[in-house]
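Presented below is the structure to which this report refers.
2 protein chains.
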Amino acid sequence: MNIGEIARRAGVARSTVSYALTGKRPVSEETRQRIQAVIEELNYRPNAAARALKEGRTRTIGLVIPPASQRLTDMQLGFVATVVDAAARADLDVLLSPSGGEHERSFERVVTGRRVDGVILMEIRLEDDRVTRLRQSGLPFVGIGRTSHPEDMTWVDVDYETLISQCVHHLADLGHRDIALVNRSAELVAAGYGPGHRAQAGFTRAVAQRDLHGVHACCADDAQAGLSCVERLLAEHPELTAIATINETAITGMYRALAQAGLAVPKDFSIAGVAARHLAENLDPPLTSADVPTIELGARAVELLIQRIADPGSPHRHLLAAPPISLRGTTGPARPRA
Amino acid sequence: MNIGEIARRAGVARSTVSYALTGKRPVSEETRQRIQAVIEELNYRPNAAARALKEGRTRTIGLVIPPASQRLTDMQLGFVATVVDAAARADLDVLLSPSGGEHERSFERVVTGRRVDGVILMEIRLEDDRVTRLRQSGLPFVGIGRTSHPEDMTWVDVDYETLISQCVHHLADLGHRDIALVNRSAELVAAGYGPGHRAQAGFTRAVAQRDLHGVHACCADDAQAGLSCVERLLAEHPELTAIATINETAITGMYRALAQAGLAVPKDFSIAGVAARHLAENLDPPLTSADVPTIELGARAVELLIQRIADPGSPHRHLLAAPPISLRGTTGPARPRA
DNA sequence: CCGGTTCGCCGAATCGGTTCGACCTAGATC
DNA sequence: GATCTAGGTCGAACCGATTCGGCGAACCGG
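Residue numbers (the working numbering), protein chains in the order written: chain S, 1 to 338; chain E, 339 to 676.
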């Protein structure tokens, strides 16, 4: 069921079948139809490996995701879904590679075995050796996230620094003066996880600008951790009246801790954050948050990667998203705690 | 940077390099080291396409997921994560293909372009033409889920029928006599979505066995739908005191509807369901549910697929998981509603 | 000293496409 | 009527690996 078989049955040369399929040279209407008929009869489809070998490209992109062991956040899932979707729309397949931990081989295979034409890299650290490896391999890539030297790579990212800063300003406008930032896990931040550091920077900046009192806390990515984190914060800092957070996954736990402490949201305590819209809207009460446009960012990442593959020498482009804060049900005027 | 270049620099034939790498024929220790040195110096990795072409296999498996447009449930995500993980562990890459909707081409490419050695298919309908296509293509595949004729395919699945039946029996044991089943969306059920139908069958059976009064309701996969669905159920069936459900995504909305109706869980109203453990544990109160062992099922699916690829003629195997119900905080003795 | 193994390696064929040069024919141009 | 052009097709080379048959050298027993 290869191109030779088609050619034989249609009574033409293999090259003619190829041209009939690709249209790179004219083929008479009559011949084309004869070939087409045979192809449909045998349900023939060109062998992807053979084509990739000769053409030097695979029509496949790699998507490097965090390892499965650590649960993906709603936002990360949104990225994966839209990347797959956008790629399918462009007739590209997506090869998944869990990087980090024990799966080095997977990343290595994808990067170095010419299995893909380009890579989209998620969960980038400020210093990220995967970026280094990709760079020296010459494979086109786009980051969802960026390193500390973002100039010489192409990326899309969420402007956590600005967004957390805006959250703090919003809370300050409501009269809050003692605000905590609930960050992602301590390990992630220690490992140089970009959003964690940038959120902290934005928090520090805004707190200084408004002359507030800020508390920084790390929190693992699950509801249980959110609960105990906020319990601890409330105990150690009785003056707190508001939280800003980028930790989506822990939010339900944070809600629970506040409820258990007898604090009503937003009457007694306010929360503002950065989250996927879907998540924010489905919380109870719905979260006042900057809604990360995952769909747009994911699609844009694919688009940029396609451009990069087509013209690897083109200048690097960047997209920093800073969506406005959607006021929902979790922020209100400050009220001193009992 | 191909095998010829390595051969040249090492002063041997290309075939020798190949044998040194694969070990399929003996190569002297000295020659092997010389070759190895060149390989490491140039950071050479064999071209995946060329190898796939010659070997006739790609060392890649396809994972067919529901289209991104419909959000994946926690359980589905669990499957994706563990499949990717298990595949990576077996040195297999995973090609993602969103099927359904507008992405027919993606599925077609994966199935028919010999891009993968086998396929794992998720979200299977009772009658599923993707199964038909896979079957006639001769490509090995494993279902996570099964059709209405499950004998002649290999699959792993969750025994929704038994599990929902057990939920009902558990609720009946607690004295509940008026129970609703909250199913997945009406469209999904109408389209012949297996879990929906099997859950309904189990529900009907248990209700009959215990001589109960059962109400069946479909509900879209989001919190908002869960809220309005339960609101409606409470209004139309004031006698209800318990819900059994397989709709993970709608559960938070269901909680909210009960709370708004002034019904405390589990004091005034009980809920039992089938869900990913992670989700059940993180609800407030934690859900009494049969915890679907996604990790085991996903890993097993990969394992079965690998066997099937190795020996396509081997008999079909099946794994039907019926985990026990974990009693958490959402079921208690029946108490007639006001 | 000779026939038979074994070891280590080479050369060539092969997988299934794409692509380039060449050829033939028919119609247009002058 | 000779020359040119364009359309339509063919044959062969090529992409980068794997794999099979075979060949020379070393080694063995008789």
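In this text, a Cβ means the ideal position worked out from N, Cα and C, and glycines have one as well.
| Whole alpha helix (DSSP H) elements within the stretch 33-64 of chain S, 4-residue minimum | 48-55
| In the stretch 567-598 of chain E, which residue ranges form an unbroken alpha helix (DSSP H) of at least 4 residues, counting only runs that do not cross its ends? | 589-598
| message | Can you look up P195/S in the DSSP assignment and give me helix, strand or coil? | response | helix
| message | With a threshold of 8 Å, are at least 3 pairs of Cβ atoms found where one atom belongs to the stretch 455-473 of chain E and the other to the stretch 636-649 of chain E? | response | yes
| request: Please go through the same chain and pick out, in chain order, the residues whose beta-carbon is closer than 6 Å to the beta-carbon of A358/E, but skip the five residues on each side of it. | output: V365, R370, I373
| field | Beta-carbon proximity list for Y160/S, same chain, < 7 Å, skipping 5 on both sides | value | P195, R198, A199, G202, I246, V274
| query | Under the rule that 16 or more other beta-carbon atoms within 10 Å means buried, what is A558/E, buried or exposed? | reply | buried
| task | Following the continuous beta strand (DSSP E) through F479/E, name the residue where it begins and the one where it ends. | result | 479-482
| What is the rounded straight-line gap between the Cα of L596/E and the Cα of P436/E? | 36 Å
| In this structure, does DSSP put L320/S in helix, strand or coil? | strand
| request: Kindly indicate the opening and closing residues of the beta strand (DSSP E) around L434/E. | output: 431-436
| task | Select from N620/E, A580/E, V553/E the residue whose C-alpha is nearest the C-alpha of R673/E. | result | A580/E
| field | R347/E versus N381/E: straight-line alpha-carbon distance, rounded | value | 13 Å
| field | Any chain E beta carbon closer than 8 Å to P98/S | value | yes
| request: Anything in chain S within Cβ reach of D559/E, meaning under 7 Å, just list it in chain order. | output: The contacting residues do not exist; D559/E stays about 11 Å from chain S at best.
| Pick from G78/S, H216/S, G332/S, D91/S that is closest to E440/E, judged by C-alpha positions | D91/S
| Sheet register partners of A275/S (DSSP bridge) | D291/S
| field | The beta strand (DSSP E) enclosing D178/S, as first and last residue numbers | value | 178-182
| said: Which residue marks the beginning of the alpha helix (DSSP H) containing T154/S, and which one marks its end? | reply: Run containing T154/S: none in the alpha helix (DSSP H); it sits in the beta strand (DSSP E), 154-158.
| message | Is it the case that the stretch 67-84 of chain S contacts the stretch 204-222 of chain S, given that we only count it when at least three CB pairs across the two stretches are under 8 Å? | response | yes
| If we call anything under 8 Å between Cβ atoms a contact, is L459/E one with R468/E? | yes
| message | I need the straight-line Cα distance from M75/S to T294/S, nearest angstrom please. | response | 7 Å
| task | Within the same chain, show all residues whose beta-carbon is closer than 8 Å to that of A555/E, passing over the 5 residues directly before and after it, in chain order. | result | A518, L519, V520, N521, C567, R570, L571
| query | Assuming V376/E and I341/E make a contact with CB atoms under 8 Å, what is their CB distance in whole Å? | reply | With a Cβ gap of about 11 Å, V376/E and I341/E do not count as contacting.
| request: Kindly indicate which three-state DSSP category S148/S falls into: helix, strand or coil? | output: coil
| query | At a CB-CB cut-off below 7 Å, which residues of chain S make contact with R383/E? | reply | T112, G113
| field | DSSP-derived helix/strand/coil call for S664/E | value | strand
| Three-state class that DSSP yields for R125/S in the structure shown | strand
| Opening and closing residue of the beta strand (DSSP E) in which V215/S lies | 213-217
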